[in-house]
Each structure stands twice: as structure tokens, then as C-alpha cells.
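Counting with the numbering used here, you get residues 1 to 847 for the letters of the sequence shown. In this text, a Cβ means the ideal position worked out from N, Cα and C, and glycines have one as well. Keep in mind the model is a prediction, meaning the values are calculated, not measured. Okay, so here's the structure we're looking at.
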Amino acid sequence: MSLPGELGLALRLARREMRGGTRGLGVFLACLALGVAAIAAVGTFAAGVGGGLAANAQAILGGDVQLVRSHVPVDSAVARALEARGDLSRQVDMRVMVRPRSGQGSALAELKAVDGAYPLYGKFELMGGFGLAEALAGRDGLPGAVAEQALLERLDLLLGDVVRVGGAEFVLTGIIRQEPDRVGQFWALGPRLIVGLEALAASGVVRPGTLAHYVYNLRLPGEEPDPARAEALGAEVLAAHPDGGFRVRTFHKAATRLTWLLDDVAQYLTLVGLATLLVGGIGVAGAVRAFLAGRQRSIAVMKALGASRRLVTGVYFVQVMALALAGSAAGALVGWIAAWAGAGPLALRLGVPLARTTAQFPALLAVAYGLLTALAFSLWPLSAAGLTSPARLFRGYADTGTRRPGRGTLAACALVVLALTALLLATSEDRGVALGFAAGALGSVVVLWLWAGLVRRAAARLPRPASPRLRQALANLHRPGAATASVIFSLGLGLTVLVAVALAEGNIRDIIARQTPSTAPSFFFIDIPRGRMEALERMALDVPGVSRMEKQPSIRGRIVEIDGREADTVDVDPDVAWALRSDRGLTFAGPRPEGVELTQGAWWAPDYAGPPLICLDERVCRGFGMAVGDTLTVNVLGRRITGTVACTRRIDWTTGGLNHTIIFSPGVLDGAPYTWIATAYADREQETALFRAVTGAFPEVVAISMREVLENLGQMVDDVGLAVGAAAALALVAGLLVLAEAMRANLRARHYDAVVFKVLGATRRDIMTALVLEFAILGAAAAALAALLGLAGSWAFVAGALHRGWVFLPLPLLAITVGGVAATVLLGLLGVRRALRGSAWGVLRNE
1 MSLPGELGLA LRLARREMRG GTRGLGVFLA CLALGVAAIA AVGTFAAGVG GGLAANAQAI
61 LGGDVQLVRS HVPVDSAVAR ALEARGDLSR QVDMRVMVRP RSGQGSALAE LKAVDGAYPL
121 YGKFELMGGF GLAEALAGRD GLPGAVAEQA LLERLDLLLG DVVRVGGAEF VLTGIIRQEP
181 DRVGQFWALG PRLIVGLEAL AASGVVRPGT LAHYVYNLRL PGEEPDPARA EALGAEVLAA
241 HPDGGFRVRT FHKAATRLTW LLDDVAQYLT LVGLATLLVG GIGVAGAVRA FLAGRQRSIA
301 VMKALGASRR LVTGVYFVQV MALALAGSAA GALVGWIAAW AGAGPLALRL GVPLARTTAQ
361 FPALLAVAYG LLTALAFSLW PLSAAGLTSP ARLFRGYADT GTRRPGRGTL AACALVVLAL
421 TALLLATSED RGVALGFAAG ALGSVVVLWL WAGLVRRAAA RLPRPASPRL RQALANLHRP
481 GAATASVIFS LGLGLTVLVA VALAEGNIRD IIARQTPSTA PSFFFIDIPR GRMEALERMA
541 LDVPGVSRME KQPSIRGRIV EIDGREADTV DVDPDVAWAL RSDRGLTFAG PRPEGVELTQ
601 GAWWAPDYAG PPLICLDERV CRGFGMAVGD TLTVNVLGRR ITGTVACTRR IDWTTGGLNH
661 TIIFSPGVLD GAPYTWIATA YADREQETAL FRAVTGAFPE VVAISMREVL ENLGQMVDDV
721 GLAVGAAAAL ALVAGLLVLA EAMRANLRAR HYDAVVFKVL GATRRDIMTA LVLEFAILGA
781 AAAALAALLG LAGSWAFVAG ALHRGWVFLP LPLLAITVGG VAATVLLGLL GVRRALRGSA
841 WGVLRNE
């Protein structure tokens, strides 16, 4: 028969067989649906947020093109050039302390001063429906201010109350309902306070050296967004003013930090979903094997009537892949529904917009993963089905043993695995992470396979125990048809994912909740005027419970050249690309500051007065491809300063202390309009007293509570951890489904064993005890290896990706492993309960 004719016959036979139902393939469908649903849900939500950010990019940025300069405004020539190209809006962003005129207390706020053109895009709304211009006009001779509800709650304020910012006073005239460009800032240390630009200029709040960001938003003529024109204009402005000291952003790169975070979270969640598919793939293989075992007579009849191996394999290949398509499609639909059901509340919590259109690509991608997984795990049992002999039609026929796949099947399996890996790499934001996952998954499969074989051989070679129940339990681990491999694979992979996620999340929580607070200061004080540092230090140290203070001069600058090459043309390590994305804090020192740990080079002399030297963060130096002796150029207030890297230092950012990426030698920045930043270490009970003392006596100084920062960071970790934990739980659910199917697959053999034991005088209790021991040994073997693999995975993530010391957390590890053993015993007993309840007469009559 020709190939087209044989294919047509296979399709007809497959359709006829499927009319009889697909009993026994429930686990097959469930395992695929779980993994595909997880991937589809993550991809759909990420696409919705990404589409929302793209659709609102101009409103999020504030314009088509944005210029930002720290400390001082841009030159008037730059501002005039922008005004000639479209509508220009000016604003100033800074952090301030807000105090009520009557009453005590103060609160950190994110202040934004805007002009009359704000906003160029999007809609700004106040509660009550009146306009921003009317609110900022003020009343009773005082300029107006509008704030977020959180600021009013913190200071127990009402509309009409007067607040002080530094030495200036503003009257609260409105509560912000919607701020179109708030999403672009993403990470805020305090609630928003908005005032008029002219009112801020007249207030004297901004002083030389104050850490203020002067923002210029430009709206280009035309109705349709034009990224190319915006990019061209940004490049033109930079080329015309190379030493302008400002950075340029365009609207299609508006929410970059938020986008990077969401992309990273989506990638890790997708990888956990793929791990669920991998666990489910074992269930796919077992379900297909059990399904084909139930079709042995049909296959034997087909072979007796002359069907070729290719035809038989084709008939069941069509059925399996049709069911795989159905299961994957169902999973994609469930994932899509779940994503959009939770998208609204989650987007509201994150403060991000959602696209109203439906993205099909994430669902199609998830279906592709599902089909490739089903194919990878089905080819082996499908190829074995074609080797079924017609002799199975005769009573008493016994199989000769496990059928090994041919070279063609092995080659096809390898190609499918390569296709899965290629699809993963093609759709991943970070290919290094994707390759690491693929290598880890493959390594875990190999280790689990070797471990399963070792457990079987160990059970066969152990001395015979005196207890007949234990002896029977060990025998069940290595007999033909034993579920040892399936249980260790399914439960082992599921528990490995859960252990790795739980321990990695636990380590992150430990860093935030224990390690960092133990070394971090109580407060950061910024924008301290040059002549007020000593007075502030004396006052703070006079507060009981304050143990010490650290201080450094600070000014902002932007890295523009790396060893003589323009910074934006250098291919730097992605791990340190953050150093080039915005202005960096700079400081200078003569004597080597306490706590500076050098890794290369030598510190300069305390009275050094030569050409500029730099002490650079070692990771940044390595990521930039630099070495001691190379040069680094920084633009500070429009002036380029080139220094030679004299030494590198190790920085532990999680300590929360004063850590500048770049430290200059003395004589370089001494004449710049810098301010001081300081940290104070105090007993927890005295933090409130310290806060009130400093903010009361120095209203111009901004106080940042490290405790509040860590609490906000912990909340973010909780949100992300909840999503990752839920995805990891799906992997365990898939493992438990596979475990239940593995127990059910040898139900007939269990029934036969139970009958024989009963005839030989065993009680129901004896049989149950032997089964509990068997399942407990299996669960313990799987859990022990999963614990080791999960420990290794969490250590690699914490030490390699986070560059932190890994902490062993015994409680979650113990809970997961004990839970895994208990689940194995419980599901095992539930799976064989029918075998124990069945009548012995049917077996005895046939034998």
C-alpha cells in the first residue's frame, strides 16, 4: 500500500476507534492541560500588560521625547530647541518631607512640580471632578497642592489644611484619583504631592546641590505615534549637545524598569509551567502505555489481518496527537480565562494598564509546548505498539519483556527535544536562563532515571528481612511491572520544583527580613546642605539609642565613556547594564573610608592631589570589560571628568549602607554643588524619636526609613512569591496525578497478589502494612533525591543569580519531603483499594 493510502486508512481507523471513547486517558489530558494552562495564563497576562504599556506609552512617559537632568535645569538653548519642535511641558521631581502646619509629624513624599501644559498625554483626574489648574491656584494667598489619599492618611490631614515643605507652605486643595505618568516611575518611596512649577521656584525648596530631576516632556505634531521620529529627534538633541548632562528617553521605551521586572517574572513563571509539563510528560507516557496495553487485542487482530507496523503506529499516533491537541487547547482556554479573570485585580494592585485586545500568540505558544511534550513522551510507547505480535490472540501468551525502541524512534525523540529547546530559546527574554533550565531539566531527568534504577537494584540485592511484610514491600519495588520508576520520576520532579522554589523564596525573605535589617541603618538622610552636616550629626548622636552615623558627600553624574569609547557603544554585561541607564551617585574621599574592601589595585594617598583617580565597584568594572589602569568618563553637570581606575572594591548592596559605585580621589568634585547623605543606626525603640528630632530641626533634609523600604520590598516579594508558588504547586499536582495513574496502572497485578496472599493466610492488615511500607519507601526515595536536587537548584539561584550567601531552611524542606512521602502512601492506598476489596473467586476460577 502506498504511503498516502496507508495514511488515509490510518485516519479512518483512528476515527472509528475514537468513537468508542478514550477511557483511561484522563490523566493524559489533565497533565497536558495543567502545564499548558500555566504557560498560557502567564503569557496572556504578560501580553495584556505589555500591550497596555505599549498603548499608553506616551502617557506613561509624559510625551514623545523626554529629557532629564539632575541638580540643575538644561541650558536655555536646549529648551528653546525643544519648544521649536512641538509642545513642551516642564516639571521637577524630587523627594521631600511634608509636615502639617498645625500638629506634629512628617512624612516622605514624592513631589512633582508641573507647569500649565501638564499633562501632554493622558488624563489627570482629581476626586470631585475639578481641574488641576484650579486646584494648584491655591487660596487665601497660599499656592495649592494636590496629593494622594495615602499622604493625607499618614498625616491625618483634610482638604483645606496647610502643609509645609521645607520653609514653604501649600494648602491642600485636591486628592489625586488618576495620574497618567505614575506607572513610569514604578518604584516610589512615598505618596505623590503635586504643586505648581512657579510656586516651587518661589518657595526656595530647591537649593544648590538638591537632588532634583528637571524633566522636559515634548509632544510632537501629528496624531499617530511615530517611534522613528522620536528616536531621530532624541539622537539629534544629544548630538547637538553632547555635554549637556541630560539623558534622553522616547515613549516606546517608557516603562523600561517595570517591563524588565514583568518580563523576568513571566519568564520564570513560564519555566515553572514547563517544569509542570515535564512532570506531566511522564504521566503522558504512562497513560499512553496503559491505553495501548488495553488495545493489545485490537492491535493483534490488525497485525493478524496484515497491518504493517507503520499502519498500527500511525493509527494510534493520530489518536494520541488528536487527544493531545484537545488537552492542550483545553489547557490554553483555561489559562486564558484564568489570566483575564485575575488580570484586572492584579493589574490594579501593580498599577499597570491592560490592553483590551486579546493576544492569541501566548495561547498558541502554550499549545505548541503541549503538543511537543506529548510527542516527546508518546513516541516510545507508540513505537512499541507496532511490535505487538498476533500471538497475543492466543490464551496463555506472555510478553517476552519490555520492547526497546529502534534507532529511528530514538532519533525522532531527540529531534522533538531539540525542537522544544529551540522553541524555548526563541521565545525567552534571557537565553542564558533558558539554557540553564533546559540543562537542569535534562540533568534532573538523568539523575532521577539513574536513581530509580539504583533503588530497584538495591531492593533486589538487600538481605532478606525477617519481617514478611517488609520483605514483600521490597520485592514489589523490583518485580516486573513495578511502579518504582514512574513514582520516583513523577513525585521526584514535582517535589524538586517545589523544594527549589520554596527554598529560593525563603532565602529572599531571609535576606529582606533578617540579614539586611541586621546590618542596615535605621534611616537614610539625603539633601543635607554642606554647612549643616556637622550640626545634624551632633543632634542625631545626642538622641538616646543612636549608636553611630556614617556620612559621605554625594552628587549625581552619568557614565559617558568607558576606556575612551562612548558608553552606549560598549557591549557590557547585562548584569551591570543598570549602571548606564541613569545617573549614578558619585562621591570623593581622601583617606580610605571604613568598610571599603579592595579587591584589586591600591588606594591613593590621603593627601593625594594629582590627576583624577577612581575606585570602582568590582562587578561593574568586570562587566564593563575594564581593568585597573583603564579610564572612565563621567558627565557631572555638563562637565566631563575622566579618571583612571586605581582600584576596585567589593560592595554588598544588601547591607543597606552608604555604597557609591564610583569614588573619586580628592580635588575632583570638591568644588561641585554637592550635598551630604548620611545613615543613622539606632535602636528600634528610638527610631521615632530620631526621626522627629531630625525632621523637626532640619525640615529641608529628607529622611528615608529603611524599615518601610524593606516592608515595601517584602510585600513585592510576597506578591511575586505567591504567583511562583502557585505555579510550582501545579507541578506537584501534575506529579501527584502521575503518581495516582502509576498506582492504578498495575491494579490487576495488585488484585492478583491480594488474592494469593489471602489464600495463603494473610490478613487484610498484613496486606495493608506491606503496601504502606512499599509506598513509604518509594516516597522516601523520591523525596530524598528531590530534596538534594531542590537544595542544589535554590543554592545555584541564590549564590549565582543573587550573589548572596545561601541559608539552609530545614522547616520548609522537612514539610515538603514529609508531605511527599505522605502523599505517596495516601494515593497509593487509594489507588489499590479496589484491588483489596475485590472478590477472590474470579481469579481462582480462571486459574
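Using the C-alpha atoms, what's the distance from residue j back to residue i?
| i | j | result |
| --- | --- | --- |
| V738 | A300 | 28 Å |
| G280 | G327 | 12 Å |
| V312 | A10 | 8 Å |
| T679 | W653 | 14 Å |
| E687 | V543 | 9 Å |
| R192 | A682 | 28 Å |
| L470 | L34 | 36 Å |
| L418 | R297 | 35 Å |
| P362 | A324 | 18 Å |
| Q104 | M706 | 21 Å |
| I528 | A240 | 35 Å |
| P463 | A475 | 11 Å |
| V74 | L120 | 20 Å |
| L269 | G314 | 35 Å |
| M864 | A504 | Absent from the structure is residue 864, since the part of the chain shown begins at 1 and ends at 847. |
| V36 | G440 | 20 Å |
| S853 | L155 | Residue numbering for the chain in the displayed model covers 1 to 847; residue 853 lies beyond these limits and cannot be assessed. |
| L788 | T484 | 19 Å |
| A762 | A726 | 44 Å |
Along the chain, where does the alpha helix (DSSP H) containing residue i start, and where does it finish?
| i | result |
| --- | --- |
| R229 | 227 to 240 |
| E153 | 149 to 155 |
| S522 | No alpha helix (DSSP H) holds S522; DSSP gives it neither H nor E. |
| L193 | Per DSSP, L193 belongs to no alpha helix (DSSP H); it is in the beta strand (DSSP E), 192 to 196. |
| V361 | The amino acid occupying residue 361 in the given sequence is Phe; Val does not appear at that position. It spans 361 to 385 - the alpha helix (DSSP H) in which F361 sits, taken as one unbroken run. |
| L82 | 76 to 83 |
| S308 | S308 -> no alpha helix (DSSP H), and no H or E assigned at all. |
| G499 | It should be noted that the sequence gives Val, not Gly, for residue 499. Its alpha helix (DSSP H) spans residues 484 to 510. |
| S444 | 431 to 461 |
| S467 | Here S467 belongs to no alpha helix (DSSP H), and DSSP marks it neither H nor E. |
| R692 | 687 to 697 |
Kindly identify the DSSP beta-bridge partner or partners of residue i.
| i | result |
| --- | --- |
| Q104 | Partner(s): none; Q104 has no beta bridge. |
| L88 | L218 |
| M94 | L111, A212 |
| I60 | Answer by DSSP bridge pairing: none, since I60 is not bridged. |
| A145 | L172, V195 |
| T679 | F524, E550 |
| T587 | I663 |
| G601 | C647 |
Which residue wins for smallest C-alpha separation from residue i, given the options the options?
| i | options | result |
| --- | --- | --- |
| Q267 | Q360, A47, R229, A411 | A47 |
| F246 | L598, T569, L454, S76 | S76 |
| A341 | L88, L813, L788, T44 | T44 |
| G190 | K253, E179, L111 | L111 |
| G853 | L157, Y216, P180, I176 | Because residue 853 is not part of the residues shown, which for the chain are 1 to 847, the question remains open. |
| G306 | S383, A376, P390, L271 | P390 |
| P612 | D670, P593, R649 | D670 |
| Y214 | F624, R95, R457 | R95 |
| W451 | E685, A786, L25, F28 | A786 |
| S794 | V501, A147, A81 | V501 |
Kindly indicate the opening and closing residues of the beta strand (DSSP E) around residue i.
| i | result |
| --- | --- |
| P553 | 546 to 562 |
| R640 | 639 to 650 |
| A168 | 168 to 178 |
| D617 | 613 to 617 |
| W578 | It is not in any beta strand (DSSP E) - W578 instead sits in the alpha helix (DSSP H) that spans 578 to 581. |
| A412 | It is not in any beta strand (DSSP E) - A412 instead sits in the alpha helix (DSSP H) that spans 407 to 426. |
Considering only their Cβ atoms, is the gap separating residue j from residue i smaller than 9 Å?
| i | j | result |
| --- | --- | --- |
| F437 | L277 | no |
| I777 | S490 | no |
| E566 | T631 | no |
| V162 | V205 | no |
| L197 | V65 | no |
| K551 | I677 | yes |
| C647 | V628 | yes |
Is residue i near the ligand MG, in the sense that its beta carbon is under 8 Å from a heavy atom of that ligand?
| i | result |
| --- | --- |
| E774 | By its list of ligands, the structure shown contains no ligand whatsoever, and the ligand MG lies outside what it can speak to. |
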